[in-house]
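Just so we're aligned: the sequence shown equals residues -20 to -1, 1 to 520 in mature numbering (1 follows the signal peptide of the UniProt record, and there is no 0). The beta-carbon is built from N, C-alpha and C at its ideal position, and this holds for glycine as well. Just so you know, these numbers come straight off a predicted model, no measurement behind them.
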Amino acid sequence: MGVMKLVLLVLLSVLCTTSAEDAYRFFTWNVSYGDIYPLGVKQQGILINGQFPGPRIESVTNENLIISVFNSLDEPFLLSWDGVQQRRNSWQDGVYGTNCPIPPGQNFTYILQVKDQIGSFFYFPSLAFHKAAGGYGGITVLSRSVIPVPFPPPAADFTILVGDWFKKNHTDLKAILDGGSDLPFPDGLVINGRGSNGFTYTVDQGKTYRFRISNVGVATSINFRFQGHKMLLVEVEGTHTLQNTYDSFDLHLGQSCSVLVTADQPAFDYSIIFSTRFTSQVLSATSTLHYSNSAGSFSGPLPGGPTEIEWSLNQARSIRQNLTASGPRPNPQGSYHYGMVNATRTIRLASSAPIINGKQRYAVNSVSFIPADTPLKLADYYNIPGVFTLGSMPDNPTGSGGYLQTAVMAANFRSYFEVVFENPEDTVQSWHVDGHILFIVGMDGGQWSPASRLSYNLRDGISRCTVQVYPRSWTALFMPLDNVGMWNIRSENWARQYLGQQFYLRVYSPANSWRDELPIPKNALLCGRAAGRRTRPFHK
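Next comes the structure, spelled out in structure tokens:
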């Protein structure tokens, strides 16, 4: 298709599905392989427009993002938008359960709207084990000018994408998992695509700066701290927080946050330290906080990270909503009284690590997910039988051994779930829910029971899209099902996700209306049993 035809097609689709007054930002990205050296060893990395990490997306609440992605790899490719909710539009989610992969040598244009959102997020490649090869980048959604932000404008805004890294190419890591084994321990940490001391952030003495930090790794939680400086937490994944001060902060797989750091110390160069958490071997990497009038490197010791799980649990409980701050709309975040809504259904989700057919797998409520031959959203849309079965994801732990299944949980639009993630294992876990915001109401050690509800925070629990579950512990949340579509619920430990620790939540509205869900995109890729089909209209 010619470039002009493609642009016209995209514009027509946008005009049919978005408000005319909302602004547009256009991006053209070329995805390719290239040589990278994040830990000093040559590797095959995934670049976007020749960059690793990829270009940062900066937008404003309600803007439309038109992102044309050309796949110059020799294999299919998809991008997903971690935390960007896609209201009424799981067609753009960028995971295999909702989208056909972009074939080699072809392109697909994502049409996203950051509707009623603010905050710090990131994008990443979701197929195969591409996430271990790069291809990720930061997403910043700024508040509209008419919405007050609960802190003065910072002097500058920095994005830090940090995560564990392997010296093996992603193809070798994928082969290890395909062979039925688990991954080795990571070889190091990478900060914005570089190893230790690879990045410097220049600040002026006396000014305050915003650092947006995302854990884009595949295997480990991370703690970060600024040598000689305090951090003021102001936002996690789109929610303004109570502005607590921390010396160090735990950030689990898939999570993002914003901290304010004031350059209020003597003018030297200080270290920003990142280290793995809850690992027998601790990996560390540093960046530099450089005062513009620096007299040299600060001679004090580097602060060590915490070691106790209880410390992390208490910190997690301290992260709460700022009830008086406006979110993406002028009304305060506390205007939605999530604790006063009666749950229509309680879902308990327990992790496990079964051996199935002689190979290591991971499961939720004994179900280890296997991809279907057709994206589930397309099979649902075209009523293609035999691809998945509603109700194939149990509501509660079964206590049985693991089994393989294309697991889909059925749910009704405007239901209100109580979800309890249960972790009987000895590792910290991280869970992400696409398309929805989660109100974290409780977390504790031991086994969850109905009596655990007595300890729930029903007033100012933080809302976010990715939540950790500590070893032999539980985490509970309330989840308004206000977004129709087929949505992925997954482990953010990418080996666990790849080996089955995920499922899909089908949020259904019988209205078949654009008011509830946007129509299938005109440029939708069709594959599997949906190949060759035509789109059918929704009712406006």
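| Asked | Found |
| --- | --- |
| Tell me whether Phe483 is buried or exposed, calling it buried when 16 or more other Cβ atoms sit within 10 Å of its Cβ. | buried |
| Below 8 angstroms between beta carbons: does that hold for Tyr189 and Ala136? | yes |
| Tell me which residue opens and which closes the beta strand (DSSP E) that His150 is part of. | Not the beta strand (DSSP E): His150 falls in the alpha helix (DSSP H), residues His150 to Asp158. |
| Is Ser106 helix, strand or coil by DSSP? | coil |
| Could you check what DSSP says for Arg514 in three-state terms: helix, strand or coil? | coil |
| Evaluate Ala511 with the Cβ neighbour count: other Cβ atoms within 10 Å of its Cβ, from every protein chain shown; 16 or more gives buried, anything less gives exposed. | exposed |
| With distances taken Cα to Cα, identify the nearest neighbour of residue 556 among Val413, Arg444, Leu457 and Ile442. | The question about residue 556 has no answer here: the residues shown for the chain are numbered -20 through 520. |
| Evaluate Val449 with the Cβ neighbour count: other Cβ atoms within 10 Å of its Cβ, from every protein chain shown; 16 or more gives buried, anything less gives exposed. | buried |
| Should Gly34 be labelled buried (16 or more other beta-carbon atoms within 10 Å of its own) or exposed? | buried |
| Closer than 8 angstroms is the cut-off here; do at least three beta carbon pairs connect the stretch 161 to 169 with the stretch 242 to 253? | no |
| Per DSSP, what kind of secondary structure is Lys502 in: helix, strand or coil? | coil |
| In or out: Ile350 buried (at least 16 other Cβ within 10 Å) or exposed? | exposed |
| Between Thr8 and the rest of its own chain, which residues show a CB-CB distance below 6 angstroms, the 5 nearest in sequence each way excluded? | Ser48 |
| At what residue ranges does the stretch 116 to 184 contain a whole run of the alpha helix (DSSP H), taking only runs of 4 or more? | 150 to 158 |
| Quick one: complete alpha helix (DSSP H) runs, 4+ long, within the stretch 340 to 380? | 356 to 361 |
| Specify, as a first and last residue, the run of the beta strand (DSSP E) that Tyr13 falls within. | Tyr4 to Ile16 |
| Inspect the beta-carbon positions of Gln409 and Ser471 and report whether they are closer than 8 angstroms. | yes |
| Could you give the distance in angstroms between the alpha-carbon of Val64 and the alpha-carbon of Glu217? | 9 angstroms |
| If you measure between the beta carbons of Phe397 and Met459, is that distance less than 8 angstroms? | yes |
| Taking the alpha carbon of Val414 as the point to measure from, which residue in Ile442, Pro132 and Asp62 has its own alpha carbon closest? | For clarity, residue 414 is Asp in the given sequence; the question names Val instead. The shortest Cα separation from Asp414 among Ile442, Pro132 and Asp62 belongs to Asp62. |
| Excluding the 5 residues preceding and the 5 following Arg509 in the sequence, name in chain order all residues of the same chain whose CB lies nearer than 6 angstroms to its CB. | Thr354 and Ile364 |
| Are the stretch 174 to 185 and the stretch 398 to 408 touching by the rule of at least three beta carbon pairs closer than 8 angstroms? | no |
| Given that a residue counts as buried once 16 or more other Cβ atoms are within 10 Å of its Cβ, and exposed if not, what is Ser39? | buried |
| Determine the direct distance from the alpha carbon of Met389 to that of Lys148, and round the result to whole angstroms. | 36 angstroms |
| Hey, out of Pro404, Thr219, Leu358 and Phe278, whose CA is closest to Pro312's CA? | Thr219 |
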